[in-house]
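Line by line, the protein sequences are chains V and X.
Take any residue in the first sequence, note its place counting from 1, add 925, and you have its number in the numbering used here.
Take any residue in the second sequence, note its place counting from 1, add 278, and you have its number in the numbering used here.
Working notes, structure below.
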Amino acid sequence: MSAFFTKSMARNIFYGGTLFTLLLFLALTFHTTWTLPQRDHRENLTEQVARGKHLWETRNCIGCHTILGEGAYFAPELGNVYPRRGAEFIKIWIKYRPREGVPGRRSMPQFDFTDQQLDDIVAFLKWTSEINTEKWPPNIKG
Amino acid sequence: MQLQYKSQAVAKPYFIAAIGLFVGQILFGLILGLQYVVGDLLFPAIPFNIARMVHTNLLIVWLLFGFMGAAYYLVPEETETELHSPLLAHLMFWIFLVAGALTIVGYLMVPYATLADMTGNNILATMGREFLEQPLLTKLGIVVVALAFLYNIGMTILKGRKTALSLILLTGLVGLAVLFLFAFYNPANLAKDKYFWWWVVHLWVEGVWELIMAAILGFVLLKITGVDREVIEKWLYVIITMALVTGIIGTGHHYYWIGAPGYWQWWGGIFSAMEPLPFFAMTVFCFNMVNRRRREHPNKPATLWALGTGVMAFLGAGVWGFLHTLAPVNYYTHGSQITAAHGHLAFFGAYVMVVLTIISYAMPMLRGREANPERAQVLEMWAFWLMTVSMVFITLFLTGAGILQVWLQRVIPDPQEFMTVQDQLALFYWLRWIAGAVFSTGLVVYLYSFFAKDKPQTAEVGAAQPAAS
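Shown next, in the form of structure tokens:
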């Protein structure tokens, strides 16, 4: 192959191939960004949902849970926890986590959320559960 | 034995720090593995999410130390000139190390929400997303260090010989720095957040990091085999072409279920199904170059690590990635222990091993000899096998756990709750932990190999042994 295929040919294929796929990827990204509003129902993204996301992030929930399948695999999927459990269950669950954990069991920290913060978290999880995820997860168990 | 260029010596602290942080990463891995079966272990002092953040962040930081050390070592030799500023490299080393250490201490000593408040997360919220958990200040520190590093490497390449190898390395490093800027973009819209989060995470490990990896492997193979540079660099171009052509649009295999349009199941599936190709090419490349070697390099472990990288990267990133990359499969496996299995073998096989390859090759030189004493080499090769084989077992056990998890939770007609399923996976998690303990033993042997000397050959054959008292 050395006679027919030189280093400079390999280099040109690298530049050409990379540039082509990069442009294709950017085009697909442009189209995705353009159609995303119909799929993420952003018209329902309220201040409260944004506050809920902020709580989700600053308590590092993703360090144990997955959301839409991404995160850690230590605790249940929460992308569909809203339809699975409902608002009241979620709030009570978070509110009454024992400070010292559950003996021998995987334990969730007590975050000392106010009622307002619990509502924010639920709003975020509700909004998330209504994103069009191509019918993932396969069933309600997540 | 002298270094070809004095300034290559700045690589040494980078490699030492990398190994030190690697040890920390593994310690936290052992804690996490136990927490999977003893749920409340160390709770509430070190909850799982904190330990995991330390585990993954240490990995990223020590690999970055490894990449920077590799660049400082190989760029002077490639460009045939001294490093632009060894002082700047030393200064950045300390800044990066102190920033990294403070971040880890912050994770462990302060509640995460308090850490966020203290470090300006309310000014620009970037924290609390997987792998990008670092406080804003740390993220800014990473940018400063990366810019200073690129300036230093760039100026060196500018004034010296421009080889394809060093330009490929530079392209990878620039890509790494530029893509990290997406870590600062965090919209309130989770779908958008996730879409661009992958521009850091995926385009790093299945994109530009492959360029860095190819350049490091190419450099070590060039040195230990003595094969013609033209051949090696041609191979490198072929590998990185395949890496970027498949990997860039392969990002789409993360866009199946996060709100992006359904067509990503085709784009992501087809392109990411080809992602094993560059890794396979790397395997063939490594063996081909070693078989065509023109010299016998006295550093045997370095050759072993290089070949091991080729094989394990293909298995971990290539085969285990392909297993669950097609949308109909991923629909069931997404976010399960299958993902964890792939993550472990891919990171170890590709990036851990390539950093250990350059350390294995360069560290003896940095310590003034072409290769380590025989006994140190034997120990290092023992460490190679202990760590590599146990990582394969970790992966197999997690894969077993993953298959069972997917079956019980997502396939059978009456699917079970997450925790009900987890309790039934305990045996796999215990086996994984044992494999992790063997891995740690391998790491101890690895550390010890740096201090091992040949035993003086003074015992006489047939000499009387003193009686045991």
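Note that the Cβ used here is the ideal one computed from N, Cα and C, for glycine as well.
Gln-694 (chain X), enclosing alpha helix (DSSP H) - first and last residue: Boundaries cannot be given for Gln-694 (chain X), as no alpha helix (DSSP H) includes it and DSSP labels it neither H nor E.
Residues within the segment 1045-1061 of chain V neighbouring chain X, beta-carbon criterion of under 7 Å: Here the close residues are Thr-1053, Ile-1056, Asn-1057, Thr-1058, Glu-1059 and Trp-1061.
Just list the residues that DSSP pairs Ile-992 (chain V) with in beta bridges. In the DSSP output, where bridge partners are listed per residue, Ile-992 (chain V) has V:Glu-995.
For Asp-965 (chain V), would you say it is in contact with chain X, using Cβ-to-Cβ distances shorter than 9 Å as the test? Closer than 9 Å: yes.
Pairwise C-alpha distance: Val-339 (chain X) and Ile-1056 (chain V): Going by the C-alpha atoms only, they are around 34 Å apart.
Which residues of chain V have a Cβ atom closer than 7 Å to the Cβ of Met-331 (chain X), listed in chain order? Ordered by position in chain V, the residues that pass the 7 Å Cβ test against Met-331 (chain X) are Asn-985 and Gly-988.
My output table needs one value for Ser-747 (chain X): the three-state DSSP class, helix, strand or coil. Note that Ser-747 (chain X) scores 47 on pLDDT, short of 50, meaning its location in the model is unreliable and no value can be drawn from it.
Does Tyr-998 (chain V) come within less than 9 Å of chain X when only Cβ atoms are used? Yes - at least one Cβ of chain X is within 9 Å of the one on Tyr-998 (chain V).
Straight-line gap, Leu-703 (chain X) to Ala-605 (chain X) (C-alpha atoms, nearest Å): Between Leu-703 (chain X) and Ala-605 (chain X), the C-alpha separation is close to 25 Å.
Residue-level contact to chain X via CB, Gly-1011 (chain V), 9 Å cutoff: Gly-1011 (chain V) does not count as touching chain X.
Counting contacts by CB-CB distance shorter than 9 Å, is Phe-950 (chain V) in contact with chain X? It does; some Cβ of chain X falls within 9 Å.
Anyone know if the C-beta pair for Ala-1000 (chain V) and Phe-326 (chain X) falls short of 9 Å? Yes, they are a contact pair.
Could you spell out where the alpha helix (DSSP H) holding Thr-943 (chain V) opens and where it closes? If you look at Thr-943 (chain V), you'll find it in the alpha helix (DSSP H) that goes 932-965.
Going by other Cβ atoms of all chains shown within 10 Å of its Cβ, with 16 needed for buried, is Gln-282 (chain X) buried or exposed? Counting every other CB atom within 10 Å of its CB across the protein chains shown gives Gln-282 (chain X) a total below 16, marking it as exposed.
Within 10 angstroms of the Cβ of Met-520 (chain X), are there 16 or more other Cβ atoms? Answer buried if so, exposed if not. Buried.
For Glu-408 (chain X), go through chain V and note every residue whose CB falls closer than 9 Å to its CB, in chain order. Correct list: Ile-987, Gly-988, Glu-995, Gly-996 and Ala-997.
Supposed close pair Leu-414 (chain X), Gly-398 (chain X) - CB separation, criterion 8 Å: Confirmed, about 5 Å.
Looking at chain X, is there any beta carbon in it that lies within less than 9 Å of the beta carbon of Ile-992 (chain V)? So, interface residue.
Of the listed residues X:Ile-297, X:Val-288 and X:Phe-293, nearest to Leu-725 (chain X) (C-alpha basis): Nearest neighbour of Leu-725 (chain X) by Cα position, chosen from X:Ile-297, X:Val-288 and X:Phe-293, turns out to be X:Ile-297.
Would you kindly work out how many angstroms separate the C-alpha atoms of Gln-683 (chain X) and Ile-672 (chain X), rounded to a whole number? Taking the straight line joining both Cα atoms gives about 16 Å.
Looking at the C-beta of Lys-417 (chain X), does it have a partner C-beta in chain V at a distance below 9 Å? Chain V contact via Cβ: absent.
By the criterion of Cβ-Cβ separation under 8 Å, what are the contact partners of His-531 (chain X) in chain V? What His-531 (chain X) touches in chain V: nothing, since even the nearest Cβ is about 12 Å away.
Cα separation between Tyr-473 (chain X) and Gly-680 (chain X)? Their backbone Cα atoms lie some 25 Å apart in a straight line.
At least one CB of chain V closer than 9 Å to the CB of Phe-592 (chain X): is that the case? Residue-level contact check: Phe-592 (chain X) does not touch chain V, since none of the beta carbons of chain V fall below 9 Å from its beta carbon.
Taking the alpha-carbon positions, what's the Val-722 (chain X) to Leu-676 (chain X) distance? Distance from the CA of Val-722 (chain X) to the CA of Leu-676 (chain X), rounded to the nearest whole angstrom, comes to 24 Å.
Since Glu-1002 (chain V) sits in a beta bridge, which residues does DSSP pair it with? Answer is V:Thr-991.
Output, in sequence order along the chain, the residues in the segment 373-404 of chain X whose CB is closer than 7 Å to any CB in chain V. If the cut-off is 7 Å between Cβ atoms, the segment 373-404 of chain X has Tyr-390, Ala-391, Ala-394, Asn-399 and Ala-403 near chain V.
Measure the alpha-carbon distance for Pro-1062 (chain V) versus Tyr-609 (chain X) and round it to whole angstroms. Each residue's Cα considered, the two are about 7 Å apart.
If I measure Cβ to Cβ from Ala-295 (chain X) and keep anything under 6 Å in the same chain, skipping five residues before and after, which residues do I get? Counting only residues of its own chain and dropping the five nearest sequence neighbours on each side, Ala-295 (chain X) has a CB closer than 6 Å to the CB of Phe-343 and Leu-375.
Could you spell out where the alpha helix (DSSP H) holding Thr-449 (chain X) opens and where it closes? For Thr-449 (chain X), the enclosing alpha helix (DSSP H) starts and ends at 442-458.
Mind checking which residues open and close the alpha helix (DSSP H) that includes Thr-503 (chain X)? Per DSSP, Thr-503 (chain X) belongs to the alpha helix (DSSP H) from 487-503.
DSSP three-state call for Leu-305 (chain X): helix, strand or coil? Helix, per DSSP.
Three-state secondary structure (DSSP) of Asp-471 (chain X): Three-state result, Asp-471 (chain X): helix.
Suppose the cutoff is 6 Å on Cβ atoms and the five residues either side in sequence are ignored; what does the same chain contact list for Tyr-314 (chain X) look like? Taken in chain order, the residues that qualify are Tyr-707.
Chain X beta carbons: is any one of them nearer than 9 Å to that of Leu-1039 (chain V)? Looking at the sequence shown, residue 1039 (chain V) is not Leu but Thr. Chain X, which has no Cβ nearer than 9 Å to the Cβ of Thr-1039 (chain V), makes this no.
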